[in-house]
Amino acid sequence: MDQVIREILVPGAPKVEDHHHEQLNAFLEQAKTYEPITTAVVHPGDANSLLGAIEAAEEGLIIPYLVGPEARIHAVAQECGVDLSKYTIVPTAHSHESAELAAEMAGKGEVQALMKGSLGSSELLAAIINKKAGLRTEFRLSHVFVMDVPSYHKTLIVTDAAINVDPDLMTKKDITQNAINCAHALGIEQPKVAILAAVEKVKPGMQSTLDAAALCKMSDRKQITGGLLDGPLAFDNAISKEAARDKGLDSDVSGDVDILLVPDLEAGNILAKQLQYLAGAKSAGIVLGAKVPVILTSRAAKPLERLSSCAVASLVAHKQGLTL
Numbered sequence: 014m015d016q017v018i019r020e021i022l023v024p025g026a027p028k029v030e031d032h033h034h035e036q037l038n039a040f041l042e043q044a045k046t047y048e049p050i051t052t053a054v055v056h057p058g059d060a061n062s063l064l065g066a067i068e069a070a071e072e073g074l075i076i077p078y079l080v081g082p083e084a085r086i087h088a089v090a091q092e093c094g095v096d097l098s099k100y101t102i103v104p105t106a107h108s109h110e111s112a113e114l115a116a117e118m119a120g121k122g123e124v125q126a127l128m129k130g131s132l133g134s135s136e137l138l139a140a141i142i143n144k145k146a147g148l149r150t151e152f153r154l155s156h157v158f159v160m161d162v163p164s165y166h167k168t169l170i171v172t173d174a175a176i177n178v179d180p181d182l183m184t185k186k187d188i189t190q191n192a193i194n195c196a197h198a199l200g201i202e203q204p205k206v207a208i209l210a211a212v213e214k215v216k217p218g219m220q221s222t223l224d225a226a227a228l229c230k231m232s233d234r235k236q237i238t239g240g241l242l243d244g245p246l247a248f249d250n251a252i253s254k255e256a257a258r259d260k261g262l263d264s265d266v267s268g269d270v271d272i273l274l275v276p277d278l279e280a281g282n283i284l285a286k287q288l289q290y291l292a293g294a295k296s297a298g299i300v301l302g303a304k305v306p307v308i309l310t311s312r313a314a315k316p317l318e319r320l321s322s323c324a325v326a327s328l329v330a331h332k333q334g335l336t337l
């Protein structure tokens, strides 16, 4: 039944079981053509976070600095049969110190990226936005899922599904610009941005439609640059040209969208997980808006997703010209 629905929405879409996630693999191969980025791995105190960092290092994507309690890191490595002799450990007493020290390392230019370990996301993000770290920019922090969806013909970026709970207009402006900048780093010259809502018309009682209209006008006035925006658009009209035509919409974004800007975190999180668990999507996840990219994946992330997140962070870092 799922495949029947995909064929209706996107004729000729490949079957999930036949999909090898070539888009994410292409980013991996592209990132490997660059020098690996120095990365502070923040509190790698469990097998998943430590092995993810070591695997990315072995693939030539990162040079990890393991920031955390030394005894605990060695204990995890021993449990996993990992040799840490090639890697630098930056010892700390606890997760809070790990986050603070890693953020300061990035702020001083000692590393080109941060990677979340076994600490909570909020603890890491709090250290990043602390003025003492020197990582803040003019933009708000926001998260992007760079998704490889079997039923869609190209990379799809979903934002923000992890950080900004109920963003206002100016926060959405930053979320949009961050996502556009990420798309540029991935080689998408003029990404098409669909600003999602439940309907396609501006309605005074629906804030998401008002924000969508304002964001499009902000793009016209060059307050948002580098992308082609349209909205409000319902999800079907953003993804399917046919659905847009059926509703009388003439949009250059519909059916060829690169970035889906969701109205709030709940909508984005549900959308991203639907694509993962019902449509067979795989994704990379990073945080943008700081001076360095932050690799942020869920504990349920598969090996390809962890590596792809490092690859996307590498492409972003090199696009920003981050050097030591």
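When you number the sequence shown by this note's numbering, it's gap-free, plus one each residue, and the end is 337. Every residue, glycine too, gets a C-beta built ideally from N, C-alpha and C. Quick caveat, the model's predicted, so the values are computed rather than measured.
* **DSSP bridge partner residues for Asp161 (one or two, in chain order)** => Paired residues: Lys295.
* Asked: Near Ser62, what residues of its chain come up, given a Cβ to Cβ distance below 6 Å and the 5 sequence neighbours on each side ignored?
  -> Gly130, Ser131
* Which same chain residues, not among the five before or five after Asn250, have their C-beta less than 7 Å away from its C-beta? -> Glu213, Ala256, Ala257, Lys260, Leu262, Ser267
* With Ile201 and Asp269 assumed to form a contact (beta carbons below 8 Å), what rounded beta-carbon distance in angstroms separates them? -> Between Asp269 and Ile201 the Cβ distance is about 11 Å, and since that is not below 8 Å, they are no contact.
* Asked: In whole angstroms, what separates the C-alpha of Gln236 from that of Leu127?
  -> Straight-line Cα distance between these residues: approximately 29 Å.
* Exposure of Asp181, with buried meaning 16 or more beta-carbon neighbours within 10 Å -> exposed
* **Rounded separation between Tyr290 and Ser135 - CA only** => 25 Å
* Asked: With a CB to CB cut of under 7 Å and the five nearest residues on each side skipped, what residues in its chain are close to Ala90?
  -> Leu63, Leu97
* Asked: My guess is that Arg319 and Gly65 are in contact by the Cβ rule of under 8 Å, so how many angstroms apart are they, rounded?
  -> The Cβ separation is near 4 Å, so the contact holds.
* Have a look at Glu279 and Ala116 and give me their C-alpha separation to the nearest angstrom. => 28 Å
* Taking Ile67 as part of the beta strand (DSSP E), name the residues at either end of that continuous run. => No beta strand (DSSP E) contains Ile67, which is instead part of the alpha helix (DSSP H) from 60-71.
* Can you find a heavy atom of the ligand MG that lies under 7 Å from the Cβ of Thr222? -> Absent from the structure shown: the ligand MG. Ligands present: none.
* Asked: Taking contact to mean at least 3 C-beta pairs separated by less than 8 Å, is the stretch 150-161 in contact with the stretch 169-180?
  -> Flag = yes, the stretch 150-161 and the stretch 169-180 touch.
* Beta-bridge partners of Ser155, as assigned by DSSP -> Leu301
* Taking Tyr78 and Val95 to be in contact with their CB atoms under 8 Å, please state how far apart those CB atoms are, rounded to whole angstroms. => Actually they are not in contact, since the Cβ atoms of Tyr78 and Val95 sit about 16 Å apart, beyond 8 Å.
* So, helix, strand or coil for Ala338, using DSSP? -> Residue 338 is absent from the structure shown; the chain starts at 14 and stops at 337.
* Compute the Euclidean distance between the alpha carbons of Leu37 and Met219, then round it to the nearest angstrom. => 35 Å
* For Gly120 versus Gly147, is the C-beta distance shorter than 8 Å? -> yes
* Rounded to a whole number of angstroms, what is the C-alpha to C-alpha distance between Met118 and Val124? -> 6 Å
* Candidates Ser221, Ser264, Ser322: which alpha carbon is nearest Leu241's? -> Ranked by Cα distance from Leu241, the first of Ser221, Ser264, Ser322 is Ser264.
* Asked: Which residue spans inside the stretch 189-249 form an unbroken beta strand (DSSP E) run of at least 3?
  -> 205-209, 241-246
* **Euclidean distance between Cα positions of Lys167 and Asp161** => 7 Å
* Can you tell which of Pro276, Ala285, Ser164 has the C-alpha that lies nearest to the C-alpha of Glu35? -> Ser164
* Would you grab the beta carbon distance between Ile193 and Leu274 for me? Rounded to a whole angstrom, and I think it's under 8 Å. => Not confirmed; about 10 Å, so no contact.
* Asked: Excluding the five sequence neighbours on either side, which residues of its own chain have a C-beta within less than 7 Å of the C-beta of Leu328, listed in chain order?
  -> Counting only Cβ-Cβ distances below 7 Å, and skipping sequence neighbours, we find Phe40, Gln43, Ala44, Ala198, Leu199.
* Asked: Does DSSP classify Ala126 as helix, strand or coil?
  -> Under the three-state reduction of DSSP, Ala126 is assigned to strand.
* **Presumed contact (8 Å Cβ cut-off) between Asn143 and Gly302, rounded CB distance** => A Cβ-Cβ distance of about 14 Å is found for the pair Asn143 and Gly302, leaving them out of contact under the 8 Å criterion.
* Asked: Roughly how far, in whole angstroms, is the beta-carbon of Glu283 from the beta-carbon of Val325, given that I think they are within contact range, below 8 Å?
  -> In the sequence under discussion, the amino acid at residue 283 is Ile, which differs from the Glu named in the question. With 8 Å as the limit, Ile283 and Val325 do not qualify as a contact, their Cβ atoms being about 22 Å apart.
* Which stretch, first to last residue, makes up the alpha helix (DSSP H) that contains Ala119? -> 108-120
* Asked: DSSP state of Gly347, grouped into three classes?
  -> Past the edges of the chain, shown from 14 to 337, lies residue 347, and the structure says nothing about it.
* Asked: Under a three-way DSSP split, which group does Ala256 fall into?
  -> helix
* Is Ala225 closer than 8 Å to Pro245 when the C-beta atoms are compared? -> yes
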